[in-house]
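Structure, as structure tokens:
Residue numbers (this note's numbering): 461 to 623.
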């Protein structure tokens, strides 16, 4: 289970909420701040011993929602740490001579002589690539690997439904 999926499940309950801190996930009652958490789980743990609890705060959520939270945490703990995080997404940007007018790769086309790139000046038309997709392209065309690495730019906030 991915962390964003877990947070979405918890936030669909009536009395419990979850949010992501810098390195932890906070579980708290609806209407309260995450500093009033009833459970706090570091993102990279794999056992219940590392989950911090505040039993007083537990009284503000229903037993049904608490059971849901506990189930989600167990599913996260059962998920290998590497698989909990969404895969990073990138767009490819060709910066040309003028840094104020970048061109974005909107499509990659397999041609007879190799690979071709469709470019756009509109950032909204930029294709979003996963790290896995870029590695596949670099594997098929190793000579393009340095260029792809040079064009790679994080696509913050550009995720698909699998994250």
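Glycine is no exception: its CB is placed at the ideal position from the N, C-alpha and C atoms.
Select from the options the residue whose C-alpha is nearest the C-alpha of residue i.
| i | options | result |
| --- | --- | --- |
| residue 475 | 512, 463 and 525 | 525 |
| residue 561 | 570, 517 and 580 | 580 |
| residue 529 | 508, 542 and 605 | 508 |
| residue 578 | 565, 517 and 467 | 565 |
| residue 541 | 605, 484 and 555 | 484 |
| residue 505 | 583, 585 and 544 | 544 |
| residue 588 | 605, 599 and 567 | 567 |
| residue 594 | 532, 609, 533 and 584 | 609 |
| residue 515 | 490, 497 and 486 | 497 |
| residue 555 | 611, 470 and 473 | 611 |
| residue 591 | 548, 469, 585 and 607 | 548 |
| residue 569 | 606, 597 and 473 | 597 |
| residue 470 | 531, 605 and 492 | 531 |
| residue 503 | 495, 487, 492 and 491 | 487 |
Helix, strand or coil for residue i per DSSP?
| i | result |
| --- | --- |
| residue 530 | helix |
| residue 615 | coil |
| residue 478 | strand |
| residue 586 | coil |
| residue 422 | Because residue 422 is not part of the residues shown, which for the chain are 461 to 623, the question remains open. |
| residue 620 | Note on residue 620: pLDDT 42, under 50, position unreliable in the model; no value is reported. |
| residue 464 | helix |
| residue 492 | coil |
Pull the bridge partners of residue i from the DSSP assignment, please.
| i | result |
| --- | --- |
| residue 565 | 579 |
| residue 552 | 612 |
| residue 485 | 480 and 501 |
| residue 570 | 575 |
Short of 7 Å in beta carbon distance, which residues of its chain neighbour residue i, apart from the five on each side in sequence? Order them along the chain.
| i | result |
| --- | --- |
| residue 572 | none |
| residue 574 | 601 |
| residue 623 | Low confidence applies to residue 623: its pLDDT is 41, below 50, so where it sits in the model is not reliable, and the reading given next is rough at best. If we look at residue 623 and ignore the five residues flanking it on each side, its Cβ neighbours are 462, 464 and 546. |
| residue 613 | 550, 551 and 553 |
Whose C-beta lies closer than 8 Å to the C-beta of residue i among residues of the same chain, with five residues either side of it excluded?
| i | result |
| --- | --- |
| residue 621 | Residue placement at residue 621 is flagged as unreliable, the pLDDT there being 40, under the threshold of 50; a coordinate-derived value is accordingly withheld. |
| residue 616 | none |
Between residue i and the rest of its own chain, which residues show a CB-CB distance below 6 Å, the 5 nearest in sequence each way excluded?
| i | result |
| --- | --- |
| residue 512 | 500 |
| residue 537 | 506 |
| residue 518 | 498 |
| residue 521 | 475, 476 and 489 |
| residue 467 | 478 |
Under 7 Å: does the beta carbon of residue i sit that close to some heavy atom of the ligand GTP?
| i | result |
| --- | --- |
| residue 463 | In the structure shown, the ligand GTP is absent, as is every other ligand, since no ligand is present at all. |
Exercise for the section: Could you name each continuous alpha helix (DSSP H) segment of 4 residues or more that falls completely within the stretch 494 to 542, going from the start of the chain to the end? Expected result: The qualifying runs are 523 to 538.
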